[in-house]
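Just so you know, the protein sequences line up as chains A and B, in that order. The numbering of the first sequence is the numbering used here, which starts it at 214 and goes up by one. The numbering of the second sequence is the numbering used here, which starts it at -6 and goes up by one. Working notes for the structure below.
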Amino acid sequence: QKEVEQNSGPLSVPEGAIASLNCTYSDRGSQSFFWYRQYSGKSPELIMFIYSNGDKEDGRFTAQLNKASQYVSLLIRDSQPSDSATYLCAVKEGRGYSTLTFGKGTMLLVSP
Amino acid sequence: GAVVSQHPSWVICKSGTSVKIECRSLDFQATTMFWYRQFPKQSLMLMATSNEGSKATYEQGVEKDKFLINHASLTLSTLTVTSAHPEDSSFYICSARIDGETQYFGPGTRLLVL
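Here you go:
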C-alpha cells in the first residue's frame, strides 16, 4: 500500500523565518510530487510540483526532492502569517494518468 | 492555474433525500476528474475517478450505487449522493486534471444531512 507520511504539527515559526515541511513516501516508483496548501474550511490549492531530484524554486517556495531517500520537502522563506495553513504532500506513480496519494498534512502556524 | 468550480457550495438536506453536486472545469477540458471526501481534521480521501464518456472507477469501500458519478462532457462531472444519511455529512471536493499531470481542486461542497 502506498503511503505518504507527514508530521501533523503544528509547526510554529515566527514571521520572517524559514518554515521547513517534510514528507516521506513509500512507493519507489513515484515520479511526480506535489505540494498543496489548504486553509481551514477551504479546498486545497496547488503551490508547486517537482519531478526531478534537487531543488525547484518558485518565489518564496522551494521544493526539494531526494528520490534515493524517498523524501520531499517544502521550504517557505520569509514566512508570513498568511502562510498559516495545512500543507499537503501528494505523490503520483509515474507520469500520466495515475491517481494522487495524499499525506495527512502538516499544520503551519506563523506568528506575527 | 486552472479554474474548477463546484455547485452548490453548501447544502443541507433531510435524511433519505438525494443531493447532486456539480464540478466544472471552466477554462480547460478535463478528461479526468476526481471526487474526494474530507471529514473534519482528516486527510483527503479519494472516492472515485471520473472519466469522460465512461464509467467511474471507485475506490475500495465506496459504494457506487450510493455515490453516483456522471462525467457527461469534458467540462462537467456530477456526484449524486443518493438516500443521504447523517454519516454522509462531509466536505466533498472535486478536482480536474490538466495535461495528464496536475490536479486543480474545486472550492468544495459542504453537505449536512439532518
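Ideal placement from N, C-alpha and C gives every residue a C-beta, glycine not left out.
The count of Cβ pairs closer than 8 Å, one atom from the stretch 310 to 324 of chain A and one from the stretch 265 to 278 of chain A, stays below three, leaving the stretches out of contact. Residue 293 of chain A and residue 325 of chain A have their alpha carbons spaced roughly 8 Å apart. In this structure residue 53 of chain B is exposed. Its beta-carbon is surrounded by fewer than 16 other beta-carbon atoms within 10 angstroms. At least one CB of chain B lies nearer than 8 Å to the CB of residue 318 of chain A. Under the 10 Å beta carbon count, residue 101 of chain B is surrounded by 16 or more other beta carbons and is classified as buried. Per the coordinates, the alpha-carbon of residue 70 of chain B lies some 27 Å from the alpha-carbon of residue 215 of chain A. Under a 10 Å Cβ-count criterion, residue 106 of chain B is classified as buried, with 16 or more other Cβ atoms of the shown protein chains found around its own Cβ. Exclusion of the five residues before and after residue -1 of chain B leaves 14, 15, 16, 87, 99, 100, 101 and 102 as the residues of its chain whose Cβ lies within less than 7 Å of its Cβ. Residue 38 of chain B and residue 29 of chain B do touch by the CB rule: their CB atoms are close to 6 Å apart, below 8 Å.
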